[in-house]
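Number 51 in this note's numbering belongs to position 45 of the sequence shown; there are no gaps in the numbering. Ideal Cβ placement from N, Cα and C applies to all residues, glycine included.
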Amino acid sequence: GILMRRDANAGAEAMARCLADVVIRVDPTARVNYLSIEENAELLNWDAEKYRQELNRRAGSVLQ
Numbered sequence: 007g008i009l010m011r012r013d014a015n016a017g018a019e020a021m022a023r024c025l026a027d028v029v030i031r032v033d034p035t036a037r038v039n040y041l042s043i044e045e046n047a048e049l050l051n052w053d054a055e056k057y058r059q060e061l062n063r064r065a066g067s068v069l070q
């Protein structure tokens, strides 16, 4: 199971579901490769990620 904040928005819930879908498919004995700081920064600056973040901001302002 997981714990989430009560005020988590729909984007956070969707991200948690997505992560759960991925994790249940990973073999427990598999070696997991982590992203480097540079790779993480590259993904955070990706246009699709910026768009997703903007959608979350807009949804948050509508809910408040």
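Start-end ranges of the alpha helix (DSSP H) lying completely within the segment 12-38, minimum 4 residues: With a minimum length of 4 residues, the continuous alpha helix (DSSP H) runs that stay inside the segment 12-38 are 16-29.
Continuous alpha helix (DSSP H) stretch holding L49: start and end: By one-based count along the sequence shown, residue 49 stands at place 43. Element bounds for L49: 43-50.
Chain-order list of residues whose beta-carbon lies under 8 Å from that of L69 (same chain, five-residue window excluded): As a position in the sequence shown, residue 69 is number 63, starting the count at 1. Note on L69: pLDDT 45, under 50, position unreliable in the model; the coordinate value appears next. The residues are N15.
Touch test, the segment 47-65 against the segment 10-28, Cβ-Cβ under 8 Å, three pairs minimum: yes
Distance CB(E8)-CB(A26) smaller than 9 Å: For the purposes of this step, residue 8 is taken as residue 2 along the sequence shown, with counting starting at 1. For the purposes of this step, residue 26 is taken as residue 20 along the sequence shown, with counting starting at 1. The sequence given here has Ile at residue 8, not Glu. Closer than 9 Å, so yes.
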